[in-house]
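When you line the sequence shown up against the numbering used here, it's residues 384 to 566, in that order.
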Amino acid sequence: MAEGSRPADFGSESASRRTRDMADWVVSSRDNLNMPFAIVDKVNAKVYVFSVDGRLHGAAPALLGLAHGDYVAPGVGNMRMSHISPAGRTTPAGRFVATMGRNSRGKEILWVNYENAISMHPVVTGRPEERRAQRLDTPSPLDNRISYGCINVPGIFFKNLIQRTFLGQAGIVYVLPETRHVG
């Protein structure tokens with residue numbers, strides 16, 4: 384960290400070393416450009432939302448892309464969901480300028496990577512056999528891989544933290560890689 388800078392403030396929230404290091408780097412480098420930011424820890428299937436100055440607003444479990452990997456399959460943003468192969472259902476890693484918007488059904492979402500149709504939104508529960516809401520409640524991240532690449536979070540977390548933090552202003556979403564080196 385740069386001299387004179389302070390670490391991100393996680394309060395009493397637990398987080399992986401990689402997540403803490405990333406948050407500290409964002410705060411010390413000011414890479415968030417004076418915007419709120421979120422960090423998605425794919426390995427631990429968790430989302431952390433921060434104020435502009437690096438104070439944690441809250442954290443929640445997340446559902447992520449079915450396939451492990453850090454890159455978007457070519458052309459996935461233009462495919463119908465039913466045509467995306469299981470291997471192509473990844474949540475891409477990277478730094479994304481995110482904005483609130485609406486999906487094709489008019490529902491509020493946070494566009495993380497618009498070009499590739501990757502967003503953060505309340506958990507989708509339309510197919511009960513997928514048990515998405517129940518997966519968010521388990522203590523292990525091992526059953527949190529089910530989406531087509533989007534980041535699903537609990538509905539109350541989306542409403543109270545994502546919408547309130549990013550409504551009316553852009554922010555940065557950092558998705559930590561799981562298969563490639565950070566750096």
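For every residue, glycine included, the Cβ atom is placed at its ideal position computed from N, Cα and C. Given the structure is predicted, the values throughout are model-derived calculations rather than measurements.
Cβ neighbour criterion (16 or more within 10 Å) applied to residue i
i: Ile492; result: buried
i: Ile467; result: buried
i: Met384; result: Bear in mind that the predicted position of Met384 carries a pLDDT of just 48, short of 50, making it too unreliable to give a figure here.
i: Ser395; result: exposed
i: Gly333; result: The structure shown does not extend to residue 333, since the chain is modelled only from 384 through 566, so no value can be given for it.
i: Leu416; result: exposed
i: Asn499; result: buried
i: Gly532; result: buried
i: Ala470; result: exposed
i: Pro457; result: exposed
Cβ-Cβ distance between residue i and residue j below 9 Å
i: Ala476; j: Tyr431; result: no
i: Lys429; j: Glu561; result: no
i: Ala443; j: Leu550; result: no
i: Glu513; j: Ile534; result: no
i: Arg463; j: Ala391; result: no
i: Arg401; j: Phe393; result: no
i: Leu446; j: Asn496; result: no
i: Asn427; j: Pro522; result: no
i: Arg510; j: Asp414; result: no
Per DSSP, cross-strand counterpart(s) of residue i
i: Ser530; result: Gly448
i: Leu439; result: Phe433
i: Asn543; result: For Asn543, which the question treats as bridged, DSSP gives no partner whatsoever.
i: Leu559; result: Asp424
i: Gly551; result: According to DSSP, Gly551 bridges with nothing at all.
Any non-hydrogen atom of the ligand GTP closer than 8 Å to residue i Cβ
i: Pro444; result: The ligand GTP is absent from the structure shown, which contains no ligands of any kind.
*Report yes or no: do the region 503-510 and the region 531-548 share at least 3 C-beta pairs separated by less than 8 Å?*
yes
_Could you check whether the region 551-561 touches the region 406-425, counting it as contact only if at least three pairs of C-beta atoms, one from each stretch, sit closer than 8 Å?_
yes
*Taking only runs that begin and end inside the region 451-521, name each unbroken beta strand (DSSP E) of 3 or more residues, in chain order.*
477-485, 491-496, 501-505
_Taking 8 Å as the cut-off, does the region 468-488 touch the region 449-458 (at least 3 CB pairs, one atom from each stretch)?_
Counting C-beta pairs closer than 8 Å gives three or more between the region 449-458 and the region 468-488, which meets the contact rule.
*For the region 394-430, which segments carrying the beta strand (DSSP E) assignment without a break, of at least 3 residues, lie completely within its bounds, in sequence order?*
420-424
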